[in-house]
Each structure stands twice: as structure tokens, then as C-alpha cells.
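Student:
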Amino acid sequence: MTSLSIVNATVWDGVSDDLTEGAVHVVDGRITAVGGAPQDADRTIDARGRTVLPGLIDAHCHAYGIGLNMLEIESRPLSYVALVAAQRLRAALSRGFTTVRDPSGGDAGLDRAIREGLLPSPRYLWTGAALSQTGGHGDFRAADSDVCGCNTHTCEVVDGVDNLRVAVRERLRRGAHAIKIMASGGVVSLTDPIRIPQYSPEEIRAVTSEAARRGSYVAAHAYSPESIRHAIDNGVRTIEHGNLLDAPTAAAMAEAGAFLVPTLAAYDAMDRRGASLGMAAVSRAKNREVLDAGRQAVLLAREAGVRVGFGTDLMGSLEDEQLNGLRLQVEVDGALTALKSATSVNAALLNRPDLGTVAPGAAGDLLIVDGDPLASPSVLWSGPRTVVQGGVIVSGSSSE
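Residue numbers (full-length UniProt numbering): 1 to 400.
Rendered as C-alpha cells:
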């Protein structure tokens, strides 16, 4: 039995509107007590002057997104992509993200290596390669090129109901957490207008029905009102990005019980750094189309009662902007609401009630920051931090 006590702490539990004072005790990776008198433990952290909050969750984190040129990624051996992915996951954990969902990548091998402790990583929930129609957001060929990337690390082009059923079944057989589809055009793909819906209703229903039968769900890349409505009307549970959302579509999302996962960090980072990183001109133009709308989409979703999560969608070297995503969402929502999105709301999205909260029975995944993050949220994206995963200190220093 291993144990950890964090004493003299201010605690935010991931759900409440206020902070409390007290100790947090973790035994064998699970929180056993919050508040009350300190308990003896194998290791003790004195958190005086600091706040303990749930480990952060990034619901849109691409471990295999090792660059901005998608065709180049798909041309690389999986062994190389996975080794770079391991570095990206290690960095995410050190920032305080103790869980990530990868909606366009991952596989059973990387999953097993993480579970066996072969590499430091957030808890890793993956979809495998996203599903795209021919000419869709996951078809990375230029209009004047028939060169393919040969591999399907991040996306796979699959057309037709029967083929999609097989693709979904194969992903779920191998342990995928959920299924990802491309339901509209996107920024980094070269030939698809952003607003036009992708896949037929019959194709999307084939995917969602197969996932539901296995107790899973479908996430859809979608920007425009018509593509979002096309997705949720056919059974999609989470909308990724959703920048061009309008009020009627937000109301439809709320009625359907769908989640929105905004990824504000990606557009901000690509706008500032895309050109210097060789991002195609057509992609930079698409990014400008959705850049400013992303914040308004979050506000419209909130007004309609849509559950809003948190994601980043950062490719290549832009991964170092992950904590900047928190800053951007705090600017829209305020610190408390944004933190709920990155903890308890994302946990609900993942169907993981043991995550995103500091409460007895929850996983011992914790982030300790200086001061009060609700009053001074900049401590979330700058300054020292201690990261605890499963009751083990994995990053940062502790005062014992």
C-alpha cells in the first residue's frame, strides 16, 4: 500500500464555486479523504500558500500530430511517430494534464506501453485514426496530386456504410475509447471548404449506431451550423471546434445533450506562428475565417445550456501553447467556468466520473499551484506546479 498526504492546502474540488481548506489523502492511487485532520502517509506535501485542484483534462490532444503537414506525418513510420508522441505526452503531463483524449490517433500499442508504465504520460483515451470521406478533412492530398501518405496514423479515408461499420468495429475491437469522424472541412486540409457538411446521413448513422452498441460514442470535427446539425441529428455526441456555431444550432445541441469542445489555442497559435512554420497559404486563410468566431461560439453554447469542455488541438511544435489554451478560455468564460470545463465537464464528456474532481473515491490525479487560481488565474499557465498522477508525484517539486 502506498499513500500520499497533502496538508495545509486550499482545495478546489472541480465542481464547487468556492475553495475550502484542508488535507487531501490518497491511498493506492485513489483519494480517500478530503478535509479533516492530516493523516500519516508514506509521503507528505506541505501545500501552505498553494491550491490543490483536479488534474487537468485536454479533450482534444493529438499525440500523433507531430507536424503541420499531415501528408508528411502519414508518410513516416509508426515507430518514429510513436516515439515523438511519447515526448509530446510527457510534456503534457508535466504541464498538469493528467488525462488526454486523442481524437485522431493512438493505437493499442501506445496504449499498452502507457498502461505498463513504459513512458510517463497522461491517462490516454484514444480513437485511432479519424474517419474521413474522400475529399474530406482527413484526405490530405492536394487537388493536383494523387500521392498518398501510405499510412493511417491520424486519419483514414473510408467511404460507404458497410466499410464504415467494419472500420468502427475494428477500432473498438482494439480498445478505442471513442470514434472520430470528419463532418466538415478543416483548416489544414487543402481541398475542402470549411462550411460544407461531410459524409451522408446514412454513413454517419452507421458509425454512431455501431459505437452506441458497444457503449461508446462519436466525436465529430465540425465548424459550420449545417455541419454541426448534420452530425448531432445523426447521433454524434461531441462537436470538436464548432467555431461557426449559431444560436439555433446551439439550442439544438443542448436539446440533443451534445458537448462542445472548443480548441481556441490552435487558431491563436496558427495565426501567430503558422507562416514561420511553413503552414500552407490556403490553410492560413481558412484559419483566419474561424479564428475570431471561436470565442463567440463558446458564448453562444453557454447561453443555450450546452456543456462546454476544453481542448487544444495543437500540432507539431505548437504543442507548447497547451497552457495558453487555458488562458484563452479563461478570457471568454472566467477562471471558475473555464476550470470546470477542463476538469469535471471533460470528465463527464469522457464518461469518467472518477476523474476531474477532488473527492473520496476519485483518482488521485492532482495539480498543485501557487496562490488562488480563481482569483489569479495566471498561476494556471505560468509559475511553478506540482503534478500528481495516481497518488504519485510525477512532475514539480514538493515541500515535505
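Note that CB positions come from ideal geometry on N, CA and C, so glycine has one too. Being a predicted model, the structure only gives us computed values, none of them experimental.
Less than 8 angstroms between the CB atoms is what I'm expecting for R90 and S132, so what's the real figure, rounded?
Tutor: In the sequence shown, the residue the question calls residue 90 occupies position 90. In the sequence shown, the residue the question calls residue 132 occupies position 132. Contact flag wrong, Cβ pair sits at about 29 angstroms.
Student: Which first and last residues belong to the beta strand (DSSP E) in which H221 is found?
Tutor: Against the sequence shown, residue 221 aligns to sequence position 221. Here the beta strand (DSSP E) through H221 covers 218 to 222.
Student: Thinking just about the alpha-carbon of each residue, which of G294, H60, G391, A338 is nearest to the one in W381?
Tutor: The count along the sequence shown starts at 1 and reaches residue 381 at position 381. Among G294, H60, G391, A338, the Cα nearest to that of W381 is on A338.
Student: In whole angstroms, what is the alpha-carbon distance linking Q296 and A265?
Tutor: Counting from one through the sequence shown, the residue named residue 296 turns up at place 296. Counting from one through the sequence shown, the residue named residue 265 turns up at place 265. The straight-line gap from Cα to Cα measures roughly 14 angstroms.
Student: Tell me the DSSP secondary structure of Q198 in three-state form.
Tutor: The residue labelled residue 198 in the question sits at position 198 within the sequence shown. In this structure, Q198 counts as coil in the three-state DSSP scheme.
Student: Counting pairs of Cβ atoms below 8 angstroms between the segment 159 to 168 and the segment 110 to 121, do you hit three or more?
Tutor: Short answer: they don't touch.
Student: If you measure between the beta carbons of L260 and A293, is that distance less than 8 angstroms?
Tutor: Counting from one through the sequence shown, the residue named residue 260 turns up at place 260. Counting from one through the sequence shown, the residue named residue 293 turns up at place 293. For L260 and A293, no; Cβs fall outside 8 angstroms.
Student: Give me, in chain order, the residues of the same chain whose beta-carbon lies closer than 6 angstroms to that of V332; leave out the 5 immediate sequence neighbours on both sides.
Tutor: The residue you call residue 332 lines up with position 332 of the sequence shown. Taken in chain order, the residues that qualify are R295, V298.
Student: For the putative contact between H221 and P197, defined by C-beta atoms under 8 angstroms, what is the C-beta separation to the nearest angstrom?
Tutor: Locating residue 221 in the sequence shown gives position 221, counting from the first residue. Locating residue 197 in the sequence shown gives position 197, counting from the first residue. Their Cβ separation, rounded to whole angstroms, is 11 angstroms, which puts H221 and P197 out of contact at 8 angstroms.
Student: Let me check understanding here. Comparing Cα to Cα, which of G364, L367, G309, E319 lies closest to S341?
Tutor: Residue 341 sits at position 341 when you count from the first residue of the sequence shown. Measuring from the Cα of S341, the nearest candidate turns out to be G309.
Student: Anyone know if the C-beta pair for G105 and R171 falls short of 8 angstroms?
Tutor: Here the question's residue 105 lines up with position 105 in the sequence shown. Here the question's residue 171 lines up with position 171 in the sequence shown. Their beta carbons are not under 8 angstroms apart, which means G105 does not touch R171 by this criterion.
Student: Over the uninterrupted alpha helix (DSSP H) stretch that includes L54, give me the two end residues.
Tutor: Within the sequence shown, numbered from 1, the residue matching residue 54 stands at position 54. Per the sequence shown, the amino acid found at residue 54 is Pro instead of Leu. Careful: P54 lies outside any alpha helix (DSSP H), inside the beta strand (DSSP E) at 50 to 54.
Student: With H, G and I counted as helix, E and B as strand and the rest as coil, what does DSSP make of G294?
Tutor: Counted from its first residue, the sequence shown places residue 294 at position 294. Correct three-state label for G294: helix.
Student: Between which two residues does the alpha helix (DSSP H) holding V168 run?
Tutor: Position 168 of the sequence shown, counted from the start, is the residue given in the question as residue 168. Unbroken alpha helix (DSSP H) run through V168: 161 to 173.
Student: Check the C-beta distance from D246 over to P262 and give it rounded, since I have them as a contact under 8 angstroms.
Tutor: Stepping through the sequence shown from its first residue, residue 246 is reached at position 246. Stepping through the sequence shown from its first residue, residue 262 is reached at position 262. With a Cβ gap of about 15 angstroms, D246 and P262 do not count as contacting.
Student: Who does C61 pair with in a DSSP beta bridge?
Tutor: As a working note, residue 61 is residue 61 in the sequence shown. Its beta-bridge partners do not exist; DSSP assigns none.
Student: Is the separation between the beta-carbon of M182 and that of H241 shorter than 8 angstroms?
Tutor: The residue labelled residue 182 in the question sits at position 182 within the sequence shown. The residue labelled residue 241 in the question sits at position 241 within the sequence shown. Their beta carbons are not under 8 angstroms apart, which means M182 does not touch H241 by this criterion.
Student: Just mark Y80 as buried or exposed, buried being the case when its beta carbon has 16 or more other beta carbons within 10 Å.
Tutor: Sequence index remark: in the sequence shown, residue 80 carries index 80 (1-based). By the 10 Å Cβ count, Y80 comes out exposed.
Student: For the alpha helix (DSSP H) containing T249, list its first residue and its last residue.
Tutor: The residue labelled residue 249 in the question sits at position 249 within the sequence shown. Its alpha helix (DSSP H) spans residues 247 to 256.
Student: What separation, rounded to the nearest whole angstrom, lies between the Cα atoms of L19 and T10?
Tutor: One-based indexing of the sequence shown puts residue 19 at position 19. One-based indexing of the sequence shown puts residue 10 at position 10. Their Cα atoms are separated by approximately 6 angstroms.
Student: Out of D111, S344, I368, A363, state which residue places its alpha-carbon closest to the alpha-carbon of D17.
Tutor: Taking the sequence shown and counting its residues from 1, the one referred to as residue 17 is at position 17. Selected option, being the one with the closest Cα: S344.
Student: If we count the other Cβ atoms within 10 Å of its Cβ and call it buried at 16 or more, is E303 buried or exposed?
Tutor: Position 303 of the sequence shown, counted from the start, is the residue given in the question as residue 303. That one is exposed.
Student: Quick check: L366 and W12, are their CB atoms within less than 8 angstroms of each other?
Tutor: In the sequence shown, counting from the first residue as 1, residue 366 sits at position 366. In the sequence shown, counting from the first residue as 1, residue 12 sits at position 12. Against a cut-off of 8 angstroms, the Cβ pair of W12 and L366 comes out as no contact.
Student: Within this structure, are the beta carbons of H177 and L125 separated by less than 8 angstroms?
Tutor: Here the question's residue 177 lines up with position 177 in the sequence shown. Here the question's residue 125 lines up with position 125 in the sequence shown. Cβ distance < 8 angstroms, so H177 and L125 count as in contact.
Student: Whole angstroms are fine: how far does the CA of A206 sit from the CA of V290?
Tutor: Taking the first residue of the sequence shown as 1, we reach residue 290 at position 290. Taking the first residue of the sequence shown as 1, we reach residue 206 at position 206. Distance between the alpha carbons of V290 and A206 is about 29 angstroms.
Student: When we look at the beta-carbon of R88 and count the other beta-carbons within 10 Å, is it buried (16 or more) or exposed?
Tutor: In the sequence shown, counting from the first residue as 1, residue 88 sits at position 88. Its Cβ being crowded by 16 or more others within 10 Å, R88 is buried.
Student: Quick one: using the 10 Å Cβ neighbour count with 16 as the cut-off for buried, is G334 buried or exposed?
Tutor: Counting from 1 along the sequence shown, the entry for residue 334 is found at position 334. Flag for G334 reads exposed.
Student: Can you name, in chain order, every residue of its own chain whose Cβ lies under 7 angstroms from the Cβ of A41, other than the five neighbours on each side?
Tutor: Start at 1 with the first residue of the sequence shown, and residue 41 comes out as number 41. Excluding sequence neighbours, A41 sits near S3, L4, S5, H25.
Student: Going straight from the alpha carbon of residue 402 to that of V306, what length do you get?
Tutor: Past the boundaries of the shown model lies residue 402; the chain is included only from 1 to 400, so the question cannot be answered.
Student: What three-state label does DSSP hand A359 in the structure shown?
Tutor: Sequence index remark: in the sequence shown, residue 359 carries index 359 (1-based). DSSP places A359 in coil when its eight states are reduced to three.
Student: Ordered along the chain, which non-local residues of its own chain (more than five positions away) have a Cβ less than 8 angstroms from that of L93?
Tutor: The sequence position of residue 93 within the sequence shown is 93, counting from 1. If we look at L93 and ignore the five residues flanking it on each side, its Cβ neighbours are P120, S121, P122, V387, Q389, V394, S395.
Student: Can you give me the Cβ contacts of V218 inside the same chain, cut-off strictly under 7 angstroms, excluding the 5 residues immediately before and after it?
Tutor: Counted from its first residue, the sequence shown places residue 218 at position 218. Closer than 7 angstroms at Cβ, skipping near neighbours: A178, I179, I181, V207, T208, A211, G235, V236, R237.
Student: Under 6 angstroms Cβ to Cβ from R50, same chain only, skipping five residues before and after it: list those, please.
Tutor: For the purposes of this step, residue 50 is identified with residue 50 of the sequence shown, where counting begins at 1. Result list for R50: I368, D370, in chain order.
Student: Between the alpha carbons of P248 and T312, how many angstroms are there, rounded?
Tutor: Taking the sequence shown and counting its residues from 1, one reaches residue 248 at position 248. Taking the sequence shown and counting its residues from 1, one reaches residue 312 at position 312. Their backbone Cα atoms lie some 25 angstroms apart in a straight line.
Student: Taking only the alpha-carbon atoms, compute the straight-line gap between G356 and S376 and give it to the nearest angstrom.
Tutor: The sequence position of residue 356 within the sequence shown is 356, counting from 1. The sequence position of residue 376 within the sequence shown is 376, counting from 1. C-alpha separation (whole angstroms): 20 angstroms.
Student: Return helix, strand or coil for V187, following the three-state DSSP convention.
Tutor: The sequence position of residue 187 within the sequence shown is 187, counting from 1. Of the three classes helix, strand and coil, the one that applies to V187 here is coil, per DSSP.
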